[in-house]
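Enquirer:
Number of protein chains: 4
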Amino acid sequence: MSARSQRNDIESPDGELAVLLPGLGAVGTTVIAGVLAIREGLAEPIGSLTQMGRLEALSSRDRGPLIREALPLADLDDIVFGGWDIFSDNCYEAAERADVLEDAQLEAIREPLEAIEPMEAVFDPSYVRNLEGDHIKDPDTKMEAADMLTADIHRFLERHDADRAVSIWCGSTECHRSFQSIHHDLEALEAGLRDNHDAISPTMIYAYAHIRAGVPFINGAPNHSTNCPALIDLAEREGVPLAGRDLKTGQTLLKTILAPGLAARKIGLEGWYSTNILGNRDGAVLDDPGSFESKEESKLSVLDSILEPERHEELYDDADHQVHIHYYPPRGDNKEAWDNLDLTGWMGYPMQLKIDFLCRDSILAAPLVLDLALLGDLARRAGESGLQEWLSFYFKSPDVPDGQPPVHDLFAQHDLLVDQMNRFQEVS
Amino acid sequence: MSARSQRNDIESPDGELAVLLPGLGAVGTTVIAGVLAIREGLAEPIGSLTQMGRLEALSSRDRGPLIREALPLADLDDIVFGGWDIFSDNCYEAAERADVLEDAQLEAIREPLEAIEPMEAVFDPSYVRNLEGDHIKDPDTKMEAADMLTADIHRFLERHDADRAVSIWCGSTECHRSFQSIHHDLEALEAGLRDNHDAISPTMIYAYAHIRAGVPFINGAPNHSTNCPALIDLAEREGVPLAGRDLKTGQTLLKTILAPGLAARKIGLEGWYSTNILGNRDGAVLDDPGSFESKEESKLSVLDSILEPERHEELYDDADHQVHIHYYPPRGDNKEAWDNLDLTGWMGYPMQLKIDFLCRDSILAAPLVLDLALLGDLARRAGESGLQEWLSFYFKSPDVPDGQPPVHDLFAQHDLLVDQMNRFQEVS
Amino acid sequence: MSARSQRNDIESPDGELAVLLPGLGAVGTTVIAGVLAIREGLAEPIGSLTQMGRLEALSSRDRGPLIREALPLADLDDIVFGGWDIFSDNCYEAAERADVLEDAQLEAIREPLEAIEPMEAVFDPSYVRNLEGDHIKDPDTKMEAADMLTADIHRFLERHDADRAVSIWCGSTECHRSFQSIHHDLEALEAGLRDNHDAISPTMIYAYAHIRAGVPFINGAPNHSTNCPALIDLAEREGVPLAGRDLKTGQTLLKTILAPGLAARKIGLEGWYSTNILGNRDGAVLDDPGSFESKEESKLSVLDSILEPERHEELYDDADHQVHIHYYPPRGDNKEAWDNLDLTGWMGYPMQLKIDFLCRDSILAAPLVLDLALLGDLARRAGESGLQEWLSFYFKSPDVPDGQPPVHDLFAQHDLLVDQMNRFQEVS
Amino acid sequence: MSARSQRNDIESPDGELAVLLPGLGAVGTTVIAGVLAIREGLAEPIGSLTQMGRLEALSSRDRGPLIREALPLADLDDIVFGGWDIFSDNCYEAAERADVLEDAQLEAIREPLEAIEPMEAVFDPSYVRNLEGDHIKDPDTKMEAADMLTADIHRFLERHDADRAVSIWCGSTECHRSFQSIHHDLEALEAGLRDNHDAISPTMIYAYAHIRAGVPFINGAPNHSTNCPALIDLAEREGVPLAGRDLKTGQTLLKTILAPGLAARKIGLEGWYSTNILGNRDGAVLDDPGSFESKEESKLSVLDSILEPERHEELYDDADHQVHIHYYPPRGDNKEAWDNLDLTGWMGYPMQLKIDFLCRDSILAAPLVLDLALLGDLARRAGESGLQEWLSFYFKSPDVPDGQPPVHDLFAQHDLLVDQMNRFQEVS
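Residue numbers (our numbering), protein chains in the order written: chain B, 1 to 428; chain Z, 1 to 428; chain S, 1 to 428; chain G, 1 to 428.
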């Protein structure tokens with residue numbers, strides 16, 4: 001990995017880019033299968049802003065340049081995928097089991113999918129209680145686990161003749177644990193890694209190993225890691241971009257679209273009840289109250305940030321916001337989110353809004369993973385390091401520097417993202 | 001009415017402001033009853049940005065000033081309401097019949113409501129076929145009708161000792177008719193008024209009369225009038241602000257909130273089916289295909305403007321967009337809008353979104369009428385004239401100067417509105 | 001109370017009938033207010049089969065007799081209401097607090113409502129953990145509690161010059177406890193009442209006291225009592241009708257309507273997910289997992305009985321049935337039940353059915369309470385005793401004699417009810 | 001075809017049974033493909049009462065016999081399919097185009113599907129305006145058309161060595177026309193056939209040809225034919241069973257399940273708004289107001305029959321019942337039916353019920369076609385002739401002998417069906 005420093009231009013994206021996914025389950029295999037199919041012209045990268053989106057047109061006569069042509073992003077053909085998983089299935093087998101994509105579609109790219117085999121995962125059953133894997137490293141200490149991951153990364157880059165890597169956590173939601181003092185100090189964290197401190201989760205170990213190896217680390221789950229002050233310190237020191245947490249896909253995506261609209265119109269809110277049913281492995285994991293607590297924290301925070309009840313007491317102060325998730329196997333990966341909003345209008349008259357989103361977990365997540373891989377890599381080549389706030393657009397619970405309030409409004413997030421893209425375009 | 005010229009400051013809102021409503025039905029009486037109740041401290045102006053909204057805070061420690069305090073808007077206590085209707089019911093009777101507000105609430109403000117009696121309306125049954133009124137002027141020509149309206153306005157101002165007026169069309173949806181040559185030339189239009197040209201609708205007569213009297217005219221229905229080139233000419237010449245068309249309330253409001261979110265995320269759209277059931281007089285009028293055509297044109301245009309299929313063929317080019325309205329008496333004024341969206345995600349996988357909005361027509365419209373009255377009056381005092389594009393936020397089908405595309409995205413509209421408010425704040 | 005024996009005719013309903021409700025909350029006060037309003041001609045007894053229903057017409061030319069005219073039921077004018085509650089509010093105050101009925105409607109019958117004051121309740125906080133009352137008897141033993149209730153009943157009859165009484169439990173859902181040996185033997189139960197055995201719930205004490213006093217006891221909640229073998233023995237011995245449990249109102253009512261239709265058509269079921277939001281006191285009580293367990297047991301049992309998976313493995317064997325209840329204050333008594341059914345059709349193709357029932361808890365329950373009071377009293381006058389299986393129509397979890405499967409199919413229940421009504425008509 | 005007379009036993013089902021379908025589109029090919037797949041053990045006949053249902057168990061220890069074993073029905077292996085269509089696609093091509101079944105499923109039975117080629121259809125564009133075919137007979141008169149069909153039938157039986165046939169109309173919905181005098185008299189009808197009377201629709205010609213050939217004719221569409229008095233006369237004279245009209249599949253099926261439940265509970269109805277979106281050829285045909293009128297008549301009639309407003313004025317007299325169908329291509333054959341019910345409960349309080357049925361037109365229809373083929377054939381072998389009222393269970397608009405009211409309540413229909421099955425079981 002080449003040494004870099006803060007710079008005014010952007011390194012070229014030439015050469016292979018390793019996209020490493022801790023977690024090669026439903027989301028991970030859907031990303032990989034999709035990119036393989038897109039390369040073959042068998043599918044479209046719908047939902048990916050970097051692939052389908054355009055920057056603003058300069059005149060009304062043209063349509064504006066495609067983002068993937070305007071910015072020096074890695075080409076899809078230059079991506080080589082790898083990852084870790086607690087099951088030893090190759091990506092074809094894992095995709096079959098995940099049952100997200102149609103058999104015929106998987107068949108068409110079976111060979112390259114089969115060629116992608118997971119590296120052994122770092123796993124801790126006290127953080128994910130409803131899964132049991134058999135493809136797991138057996139280190140003596142958490143620091144040894146991190147060393148093994150670093151070695152995996154270097155071996156992968158060598159084997160695939162790749163110059164650069166970027167990593168996006170696509171694994172399970174871990175149980176919620178509050179930060180302790182060791183999370184606030186890098187030395188303490190490293191001591192904890194050596195001492196097997198039980199407040200250090202697998203996600204933190206992955207993050208530590210990647211940052212140390214100079215690889216941007218992005219957190220697709222609500223797990224604490226990219227928000228850990230000690231790790232942010234390390235990333236800034238090492239010149240590594242970080243971003244997280246929890247990909248904004250179904251219900252929360254809609255919430256951060258709708259709530260700004262209600263707020264703009266000063267329509268009042270008395271309650272917002274949200275329930276989700278899903279039947280994939282993610283649903284099984286979230287059936288554990290510990291994991292659900294992590295998710296719930298991530299899902300509940302968005303409304304206050306958008307509605308600002310402290311500025312509009314009469315409209316939003318007493319809103320009852322609930323989020324429930326139920327594991328319901330008949331639905332598989334095709335989750336359903338049902339929302340009821342109790343609204344108030346002129347003179348306090350009540351109205352109701354009900355939303356039923358028949359969505360697909362991995363289908364919504366996959367293009368975000370692709371965008372984050374490409375933008376995370378771009379950020380590193382542009383000399384960015386530490387938390388990348390402009391990527392908030394992609395997250396339920398955007399990690400931001402200490403003391404700052406996160407932006408949840410999708411449109412405000414979109415503005416942040418596009419502004420940064422414009423800056424990149426200027427210097428590239 | 002005092003003479004005015006383009007100016008750098010804003011006239012003070014001191015004195016009485018006449019708010020004149022052509023159409024004192026469900027929407028009109030809900031506005032009036034609401035303002036009366038709010039004055040008495042019996043209700044909150046929920047849904048009104050001018051009353052409940054704040055401008056941006058300058059520091060994180062304060063909440064930002066309330067718009068009604070930051071801008072020189074007329075005070076609610078200084079408003080005097082009047083209007084025209086094809087039925088002779090006073091506002092208490094009309095509100096009872098409209099059955100929007102609870103009896104107890106109307107009882108508390110019965111006296112001032114009863115005091116507001118409609119002036120005789122200008123009406124033409126060929127434009128509204130499903131209503132039959134008995135409180136209608138009987139002029140020989142359309143110009144004579146306009147003269148009668150102008151006389152009404154002056155008499156009203158005098159009787160209520162008011163200095164200024166603003167008018168918002170709250171009447172029925174008229175049958176759709178295409179513009180002809182007389183609509184493009186003021187002289188031709190005035191000749192047509194004298195000759196009873198059948199392409200001149202009642203709304204145009206009202207608009208003409210108000211503009212000529214120096215009164216800002218705002219069009220809450222899809223009826224052609226504020227988009228009529230000859231009338232825009234007249235307004236610019238007379239220094240009168242205009243704005244229209246069709247208050248953006250239920251389903252279309254949601255559409256212009258959701259569609260920008262889908263576009264931001266590059267989620268594809270295959271179809272958007274919208275149906276509405278409502279049982280008030282508005283529903284009965286729209287049961288006439290002629291009136292529905294006006295409404296449909298207004299409702300259908302929004303998606304293309306937001307999704308820009310010409311820039312994103314793969315995502316939006318073939319979307320089937322349908323809007324239906326059915327008159328369904330059991331629901332009264334409490335309409336229901338049901339939407340189904342057929343979406344596509346990563347690799348083309350289909351998803352569905354269903355929205356059921358149990359809303360209230362007049363409750364959603366009333367705060368918009370209040371805002372438009374106050375902002376229309378402000379615009380005049382600030383020396384603005386002609387089409388007020390920054391008020392697009394309030395309309396399904398914003399009228400904009402010739403050749404410009406209207407902005408439908410609620411958030412882009414909100415930016416336009418707030419920018420103009422900030423400009424007003426600077427000069428006030 | 002007159003002595004009675006098994007007989008071939010039915011005692012006349014002449015004289016006053018005391019309808020005693022343990023629990024004068026939302027449901028209880030809605031029943032009482034409704035009957036008072038109906039007597040005054042101010043409302044219709046919609047939802048009451050005894051008041052609005054007809055028996056089969058004998059020829060196509062007539063409409064069939066009204067049930068209330070064809071059977072010797074007590075007249076609404078002859079009912080005198082009483083009851084017990086843990087709060088001392090009179091019925092007007094309690095109805096106001098329950099916020100089910102409109103103020104104007106309560107005002108019209110305020111005087112007779114205020115006259116109904118609750119007797120002090122028997123209460124045990126270990127059975128209902130989320131409520132705290134202050135209008136509670138303070139006996140030394142549970143037997144003494146029963147004696148106090150019996151005295152209450154006799155005093156009430158005397159004071160109101162009533163001949164007969166019938167009692168319907170309208171109180172809260174108690175925590176679930178399994179039956180023990182003392183529930184299977186009357187002597188053991190009576191010893192337990194004297195010894196304050198903690199497996200004897202308040203509902204059982206009420207049931208015991210009523211049965212011993214010769215008063216039919218009907219159980220509107222899922223609480224164990226009318227299904228307690230020792231109490232059934234006592235009721236048979238004393239010639240007292242019993243019926244229970246848990247009034248079939250919203251979601252379960254729909255379930256027992258829809259499921260028979262699916263079964264008739266051999267449409268397969270893979271999952272049935274049900275969630276409920278409600279914000280009344282009942283919702284607060286069910287927020288306690290102990291109380292919810294009682295409710296859940298009652299709600300889950302219905303599908304198996306109707307779909308008979310043991311007879312149709314391919315269609316119904318693996319159906320995932322879930323029921324959730326969430327306390328959501330914005331909704332008050334107006335609960336909402338949302339259901340999603342995952343169905344299979346021809347060749348296994350999946351289909352989905354979603355149901356959103358915007359219902360009202362007490363409005364649905366009240367007519368059932370009235371019917372059960374009238375039919376329970378009729379049963380006693382007709383010489384019936386013990387469990388009244390023909391009343392299954394009204395219950396989520398019908399109590400039936402040991403070893404019998406309960407009938408859940410609403411249409412089969414309706415047949416049972418009408419058959420018994422026809423028998424009563426023959427002998428009356 | 002063997003001669004038969006009214007008899008006390010049932011002819012054996014030995015030998016081949018020709019199942020002839022006028023219309024080999026989405027529904028027809030789904031029936032055929034399904035039966036072929038079921039024979040191969042590749043699919044289950046879900047939704048088919050004859051294949052999956054059981055008669056009542058005699059004791060609680062057994063499960064009751066399967067209907068297909070208890071009654072002398074033709075075996076699925078003995079069915080040979082044929083039919084007519086206005087397009088010349090073979091059944092594999094037509095099934096591909098209909099896009100109901102998955103490609104992999106069609107591939108597995110491709111050969112036998114390809115072997116089924118449609119005979120040329122009788123067609124009249126004035127009855128179906130939105131379709132244009134090219135595989136159409138060209139007779140001089142309607143009688144000649146009937147003769148050609150009769151010849152087709154005999155040729156088909158001979159070629160496939162079949163003894164018996166049964167025919168189910170699976171073609172398009174024709175434009176609505178009222179009956180005239182020629183429909184009431186067989187001689188007049190036959191004269192009309194010879195004179196090309198324009199009130200004789202293609203469906204009537206098919207019915208006439210089949211009845212004359214001794215083949216039971218069943219009408220799966222709302223088209224007038226099996227309710228034509230002259231044709232019923234002919235069927236009775238020829239000893240041929242008839243049944244119709246309009247297969248009861250999605251929304252109307254649910255309506256006839258729910259409405260009996262509301263009626264049983266005396267819940268009031270103020271309005272029932274139904275809308276449908278579908279995108280298959282059936283949707284395109286129903287986009288023609290003429291065809292929609294036929295469908296609407298069939299769909300609207302069910303509620304009155306079940307709710308009996310003449311017996312329950314206060315509950316059902318003013319209910320506003322609306323049915324809409326919109327052609328919406330994104331949905332293909334997977335139609336969606338959305339219903340809103342405005343209900344009233346105790347004291348007139350309003351409640352709402354919303355139903356969203358994401359169903360599949362042909363998947364719901366196919367098992368009904370199979371059942372009707374088998375039961376129609378059974379009826380003929382049992383000596384039944386004329387209208388088979390006991391098959392009402394399968395129809396939106398059951399044809400019944402003159403002067404009788406049709407039964408719409410699904411549960412009452414189910415009782416009729418099962419009673420007849422029990423009678424057949426007794427004599428077989």
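Quick reminder that beta carbons are idealized off the backbone N, C-alpha and C, glycines included.
Keep in mind it's a predicted model, so treat the numbers as computed, not measured.
(1) Answer yes or no: does any C-beta atom of chain Z fall closer than 9 Å to that of G:Asp419?
(2) Distance, Cα to Cα, G:Ile325 vs G:Ile277?
(3) Within its chain, find whatever has a CB closer than 6 Å to the CB of B:Ser294; leave out the 5 residues flanking it on each side and keep chain order.
(4) Which residues in chain G sit within 9 Å of Z:Gln51, going by Cβ to Cβ distance?
(5) Express the C-alpha separation of G:Ala366 and G:Asp415 in angstroms, rounding to a whole number.
(6) Select from Z:Leu370, Z:Glu336, Z:Asp371 the residue whose C-alpha is nearest the C-alpha of Z:Lys354.
(7) Could you give the first and the last residue of the continuous alpha helix (DSSP H) run that contains G:Ser225?
(8) Check the Cβ-Cβ distances between S:Pro398 and every residue of chain G, and say whether any is below 9 Å.
(9) Just to confirm my understanding: we take S:Val369, look at its own chain, exclude 5 residues before and 5 after, and list those with CB closer than 7 Å. What are they?
(10) Under 9 Å between beta-carbons, which chain Z residues line up against B:Lys354? List them in chain order, please.
(11) Please confirm whether B:Glu16 has its beta-carbon closer than 9 Å to some beta-carbon of chain S.
(12) First and last residue of the beta strand (DSSP E) that includes B:His312?
(13) By Cβ distance, which residues of its chain are closer than 6 Å to G:Val122, with the 5 residues on each side in sequence left out?
(14) Alpha carbon to alpha carbon, how far is B:Ala165 from B:Gly214?
(15) Could you tell me which whole beta strand (DSSP E) segments of length 3 or greater appear in the stretch 39 to 126 of chain G?
(16) Going by C-alpha to C-alpha distance, which of S:Leu36, S:Asn227, S:Leu24 sits closest to S:Leu404?
(17) Could you tell me how far apart the beta carbons of Z:Tyr92 and Z:Leu113 are, in whole angstroms, since I believe they sit closer than 8 Å?
(18) List, in order along the chain, the chain G residues whose C-beta lies closer than 7 Å to that of Z:Tyr92?
(19) If you drop the 5 nearest sequence neighbours on each side, which residues of the same chain put their C-beta closer than 8 Å to that of S:Trp441?
(20) Are Z:Asn90 and Z:Pro45 close, meaning C-beta to C-beta below 9 Å?
(21) From Z:Val19 to Z:Asn340, what distance separates their C-alpha atoms?
(22) Within the 9 Å Cβ cut-off, does S:Gly345 reach chain B?
(23) For B:Asp356, count the other beta carbons within 10 Å of its own beta carbon; 16 or more makes it buried, fewer makes it exposed. Which is it?
(24) Would you mind telling me which residues of chain S sit closer than 9 Å to G:Ala165, beta carbon to beta carbon, in chain order?
(25) Exposed or buried, what is S:Gln388 when buried is set at 16 or more other beta-carbons lying within 10 Å of its beta-carbon?
(26) Cα separation between Z:Ile153 and Z:Arg194?
(27) Alpha carbon to alpha carbon, how far is S:Gly64 from S:Gly53?
Expert: Taking the structure as given:
(1) No, no contact with chain Z.
(2) 6 Å
(3) Thr173, His176, Pro222
(4) Per Cβ cutoff of 9 Å: no residues; Z:Gln51 is ~31 Å from chain G at best.
(5) 22 Å
(6) Z:Glu336
(7) First-last for G:Ser225: undefined, no H or E at that position.
(8) no
(9) Excluding sequence neighbours, S:Val369 sits near Val27, Val31, Ile168, Cys170, Gly220.
(10) Lys354, Ile355, Asp356, Phe357, Leu358
(11) no
(12) It is not in any beta strand (DSSP E) - B:His312 carries neither H nor E in the DSSP assignment.
(13) Lys137, Ala145, Pro202, Ile205
(14) Whole-angstrom Cα-Cα distance: 9 Å.
(15) 79 to 85
(16) Reading off the sequence, residue 404 of chain S comes out as Gln, not Leu. If we check each option's Cα against that of S:Gln404, S:Asn227 comes out closest.
(17) 4 Å
(18) Per Cβ cutoff of 7 Å: no residues; Z:Tyr92 is ~25 Å from chain G at best.
(19) The displayed coordinates of chain S run from 1 to 428. Any statement about residue 441 of chain S would go beyond what the structure contains.
(20) no
(21) 39 Å
(22) Under the Cβ distance rule, S:Gly345 does not count among the residues neighbouring chain B, no pair being separated by less than 9 Å.
(23) buried
(24) Residues of chain S whose Cβ lies closer than 9 Å to the Cβ of G:Ala165 do not exist; the shortest such Cβ separation is about 23 Å.
(25) Flag for S:Gln388 reads buried.
(26) 20 Å
(27) 9 Å
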